[in-house]
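This report refers to the structure that appears directly beneath it.
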Amino acid sequence: MPALQTENVTAGYGKTPIINEISVDAEVGRITTIIGPNGAGKSTFAKTLVGILKPMAGRILVNDVDITRMPGHQIPRHGLAYVPQNDNVFKRMSVRENLEIGGFVKKGDPAARIEELFEIFPDLAKAHAKKAGLLSGGQQNLLAIARALMANPSVIVLDEPTAGLSPAYTSVVWEQIARIAQLDTAVVVVEQNVERALKHSDLVHIFVAGRDHVHGPAQEISALDLPSIFLGRSHSSEAA
Amino acid sequence: MTYYIFTLVFFLFDYFILAMGLNIQYGSTGILNFAYIGFVAVGAYVTGVAAMPANVTGEHYILGLGLPFPLNTLLGGVAAMGLAGLVALITLRRLRTDYLAIVLISLSLVFYDFCNNDVSLFNGADGLYNVPEPLTRALGLSSNGFIIFFACLTGVVSLLMWLVMSRIMRAPLGRTFRAVRDDHVTAAALGKDTFRMQLKSMLIGSFFAGIGGGLLIQFGGSFNPTAWLPGETFVVFAVLIVGGAGNNMGMFVGALLVETLLVHLPAFLPDIPGHPGLIEYFDLALVGLVLMVMLWFRPQGIVPERVRRTPSFGVSEKPEHEAGRLDRTTALAAALGAVEPAAGAEEGR
Ligand SMILES: Nc1ncnc2c1ncn2[C@@H]1O[C@H](COP(=O)(O)OP(=O)(O)OP(=O)(O)O)[C@@H](O)[C@H]1O
Ligand SMILES: [Mg+2]
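These protein sequence lines are chains C and V, in that order. Heads up: the first sequence runs through residues 66 to 305, numbered per my numbering. Heads up: the second sequence runs through residues 62 to 410, numbered per my numbering.
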């Protein structure tokens, strides 16, 4: 059973649906990536997964628990964590405090978990007392990821964790993402950079205009005529 | 002379308490509570009617419990909390930031008019007077002795409340307040019930407002609508901004500079011949000016919020408080700019 299941999810802002009948599953140990042109609805889908937006139709399950109608703040308790697209850290709080905020699910002192994460993210350990707003963009993204990991989630949703990063730092972040997948986590990544996405992920979904245009294993997706799909010229439906 | 000095001392400590209450709401949680003085008033009135006996000729009011200090004051604090709970339930679920501020200021105006005109609740425009001076008889104090005693008592109360508030702000609860303030969507995505956090912050802050109000009415022996013109809220905001939002010690510094030195000290100066009351008007304009200068040149206040430091890894950092301050304070500056002139100039407290 996939750790995350979505069945025909339709959602949007107000009354107009932005994403239509999306079904994406994510399994532990694998990286499922969503790519697509700007405005395709990738972030909208991520926000719906984590309860910031409520679906108009469809179901979302985490470890077989239906979270579709759950108040957003209760969802993390069921093992789903989220890293927002931009501005994703509490800028006026220290690195350590940012992590502490993420650590509520584990009862007791978050200090031990913080030390574990500092081993995975040595950059953050060095800057632990710094204001998060003073970190570089890449470090802020890593902090947001680490903060999401505080709760030891079984599914982590990352919205463009490499946006605006230098190529070198993009590799660092992707390395970390690969590592997270190995820590018994299902990883869902929204990514702009198609090449990176295809290189690092197991499964790829291409969203176009609010629909899951095509999906399949990364190798099969690589073989498609991606530029046409991105420009909305192709009508193929499924590669798998 | 002693009378003047200890009056100033009283206002210093009382506004320290008031500013700490507003600080947890605005400084820590980002709730622009432009109705703050309303909660102070509830605390004052309820403390008054809790302290006064059931029947006093010429005054109409509810309760009249004849409760001694500190029970009456605690009741005032709890009443302010109760009102805050009600207001929060109505407003906080749907509104944030500027919109919330506008609704809160409207509510406080409605509440003000109500208290000013309805005689049965707290004696309308005349307000409450002849409120018993706590412990005077038990200690056999003269009227000057009472001023000294009560100023010191307020100092002790403010110290206790400061200890409690520092604990709250350092605790995980205070940290979560700040997370909600900085980004409520992300805080919710991390499992924080942002409504409950804001509700808690409103309740705690309003308790402080209520206690501060309760001390105020007992110090002066009376309280009426001229004591809590809605513009008074901005004096507390001035204390908070000058002192440094987010920092409790800043609240003390702000209370000293704004409330004691700017607002109250000049009232004791002799009038300029031929221009009675002129000094007081200048005084309010000066508070507005100081506020603008602070927001422009040092929006983080005299004692800025500090990044909480936890010793580990032997890494030490210099405190850094320049970044990231401006957006919130600019929003506030804009809001204050819209309200301050009316609050300061026309009401002439
Ligand atoms: N808060 C909002 N309110 C209303 N409409 C929105 C909101 N956010 C996004 N939209 C609309 O929803 C559509 C999808 O936006 P979304 O942010 O999901 O795209 P995306 O695929 O993440 O794009 P990008 O690659 O630029 O991040 C867009 O047409 C956008 O205008
Ligand atoms: Mg997006």
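Even glycine gets a Cβ: it sits at the ideal position worked out from N, Cα and C.
Between V/Tyr106 and V/Phe211 a beta carbon distance of about 19 Å is seen, past the 8 Å cut, so the two are scored as non-contacting. Residue contact with chain C for V/Thr63: absent (no Cβ-Cβ distance below 8 Å to any residue of chain C). Per the DSSP secondary-structure output, C/Ser159 pairs in a beta bridge with C/Lys196. Within the region 182-242 of chain V, the complete alpha helix (DSSP H) segments at least 4 residues long are 197-200, 204-231, listed from N- to C-terminus. Scanning chain V for C-beta atoms nearer than 7 Å to the C-beta of C/Asn153 yields Thr247, reported in chain order. The beta carbons of C/Ile83 and C/Thr109 sit closer together than 8 Å. Secondary structure at V/Ala306: coil, using DSSP grouped into helix, strand and coil.
Under the three-state reduction of DSSP output, C/Pro102 falls in the coil class, being neither helix nor strand. Per DSSP, reduced to three states, the secondary structure at C/Gln257 is coil, with no helix or strand assignment. In this structure, C/Asp152 has its CB at a distance of at least 7 Å from all heavy atoms of ligand 2.
When rounded, the separation of the alpha-carbon atoms in C/Ser219 and C/Ala246 is 10 Å.
C/Met158 reaches chain V at Arg236, Arg239, Ala240, Asp243, Val368, Arg369, counting residues in chain order whose Cβ is nearer than 8 Å. Here V/Ala80 has Val297, Val300, Leu301, Gly304, Met312, Gly315, Ala316 as same chain residues with Cβ atoms under 7 Å from its own Cβ, once five neighbours each way along the sequence are excluded.
For V/Ala299, the closest Cβ of chain C is not nearer than 8 Å.
In the three-state scheme derived from DSSP, where H, G and I count as helix and E and B as strand, C/Ala228 is classed as coil.
The C-beta distance from V/Leu153 to V/Leu260 rounds to 6 Å, short enough to fall under 8 Å. DSSP links V/Val324 through a beta bridge to no other residue. At least 8 Å separates the beta-carbon of C/Asn163 from that of C/Asn206. Residue nearest to V/Gly127 within the set V/Met142, V/Glu120, V/Ala140, V/Thr108 is V/Thr108 (criterion: CA-CA distance). Within the region 83-156 of chain C, the complete beta strand (DSSP E) segments of 3 residues or longer fall at 96-100, 122-127, 145-148, listed in chain order. In the three-state reduction of the DSSP assignment, V/Gly104 falls in the helix class, which pools H, G and I. Per DSSP, reduced to three states, the secondary structure at C/Asp277 is strand. Where C/Val74 is concerned, the enclosing beta strand (DSSP E) starts and stops at 69-78.
When V/Met310, V/Thr68, V/Asn94 are compared, the shortest CA-CA separation from V/Ala270 is found for V/Asn94. Inter-residue distance for V/Val171 and V/Asn285 is about 16 Å (C-alpha atoms, whole angstroms). The beta-carbon of C/Pro141 is placed less than 8 Å from the nearest beta-carbon of chain V. In the same chain as C/Trp239, and ignoring 5 residues on each side of it, the C-beta atoms closer than 6 Å to its own belong to His265, in chain order. Taking CB atoms only, C/Tyr147 has a neighbour in chain V less than 8 Å away. Here DSSP, grouped into helix, strand and coil, assigns C/Val222 to strand. With a cutoff of 8 Å on beta-carbon distance, V/Glu366 and V/Phe72 are scored as not near each other.
Residues of chain V with a Cβ closer than 8 Å to the Cβ of C/Val115 are, in chain order, Ala250. With fewer than 16 other Cβ atoms inside 10 Å of its own Cβ, C/Met66 counts as exposed. Of the residues assessed, V/Glu194 falls on the buried side of the cut-off, its CB having 16 or more other CB atoms within 10 angstroms. One thing to note: V/Gly307 has its Cβ within 8 Å of the Cβ of V/Gly88. The C-beta distance from V/Ile208 to V/Phe67 rounds to 5 Å, short enough to meet the 8 Å contact threshold. Residue contact with chain V for C/Ala194: present (Cβ-Cβ distance below 8 Å to some residue of chain V).
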